[in-house]
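Undergrad: Residue numbers (the numbering used here): 2 to 203. The C-beta atom is built at its ideal place from N, Cα and C for all residues, glycine as well. Please read all numbers here as calculations on a predicted model, not as lab measurements. Here it is, the structure, as structure tokens.
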DNA sequence: CGACCGATCCTC
DNA sequence: AGGATCGGTCGT
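This is the structure we're talking about:
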């Protein structure tokens with residue numbers, strides 16, 4: 002019933018993949034239910050040269066190891082001791098690069114998303130999944146899923162309904178330390194979509 | 001082993 | 001504008 006993206010989808014130019022992930026569906030399966038969201042905002046982190054990347058200079062550590070592995074696997078890390086971020090390993094094998102999933106538009110399982118986020122069922126859905134850590138909370142994505150295959154069953158990405166949209170591009174968020182890479186337009190979002198996390202200058 | 005700090009988010 | 005909060009990473 003779901004048309005999962007094949008591994009070959011991820012094994013292409015990281016910027017192309019990051020852009021083309023817009024509009025695709027992120028699906029998370031749990032025994033208690035299914036949560037689905039349309040991807041509306043992504044960012045690319047392209048390892049070896051990108052000073053914003055954890056794998057800058059081909060830095061290979063316990064944390065970054067999965068970035069050097071199979072394309073289409075997850076790269077999940079914790080930040081500020083509190084929040085999780087969810088990325089997909091992308092690009093040509095086996096150079097480190099990821100797409101960060103920054104925001105999704107809730108499609109299915111809204112009630113469960115709210116519960117996972119600890120929110121009252123009658124709150125607005127507009128701020129439910131508009132940010133990388135919110136997506137992780139709503140979709141129950143934790144470090145236990147780090148390095149697993151998105152071509153598997155627990156969590157995967159598939160084709161969404163066909164619709165047209167314009168792709169917006171901007172600087173990435175929260176990486177002011179990245180010197181000449183802080184201004185590259187490697188953030189992609191669906192223009193005029195209400196579920197994109199925040200405005201950012203181009 | 002200690003120190004530093006962050007691809008965030010919420011509250012003030 | 002500031003604080004929460006902790007694991008990865010690196011230097012000693």
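How should residue 28 be labelled, buried or exposed, when 16 other C-beta atoms within 10 angstroms of its C-beta is the threshold for buried?
TA: When all chains shown are included, residue 28 counts as buried.
Undergrad: I'd like to know whether the C-beta atoms of residue 129 and residue 115 end up nearer to each other than 9 Å.
TA: Yes, the Cβ-Cβ distance between residue 129 and residue 115 is below 9 Å.
Undergrad: Residue 59 and residue 97 - do their beta-carbons sit closer together than 9 Å?
TA: Against a cut-off of 9 Å, the Cβ pair of residue 59 and residue 97 comes out as a contact.
Undergrad: Which same chain residues, not among the five before or five after residue 110, have their C-beta less than 7 Å away from its C-beta?
TA: Closer than 7 Å at the Cβ level, and outside the excluded window around residue 110, lie 34, 35, 36, 37.
Undergrad: Where does residue 164 sit, in a helix, a strand or coil, going by DSSP?
TA: Coil.
Undergrad: With the cut-off set at 9 Å, would you say residue 101 and residue 45 are in Cβ contact?
TA: Yes, Cβ-Cβ distance for residue 101 and residue 45 is below 9 Å.
Undergrad: Between the Cα of residue 1 and those of 12, 122, 41, spot the shortest distance and give me the residue it belongs to.
TA: Examination of residue 1 is not possible in this model, given that the chain is present from 2 through 203 alone.
Undergrad: At 4 residues or longer, what runs of the alpha helix (DSSP H) sit wholly inside the stretch 75 to 141?
TA: Listed in chain order, they are 111 to 117, 133 to 139.
Undergrad: Going by Cα to Cα distance, which pick from 132, 112, 133 is closest to residue 123?
TA: For the residues 132, 112, 133, the minimum Cα distance to residue 123 belongs to 112.
Undergrad: Taking 9 Å as the threshold (C-beta atoms), are residue 183 and residue 78 in contact?
TA: No, the pair does not count as a contact, with Cβ atoms beyond the cut-off.
Undergrad: Assign residue 50 to buried or exposed, taking buried as 16 or more other Cβ atoms, counted over all protein chains shown, within 10 Å of its Cβ.
TA: With fewer than 16 other Cβ atoms within 10 Å, it is exposed.
Undergrad: Could you check if residue 87 is buried or exposed, using at least 16 other CB atoms within 10 Å of its CB as the buried criterion?
TA: Buried, because 16 or more other Cβ atoms sit within 10 Å of the Cβ of residue 87.
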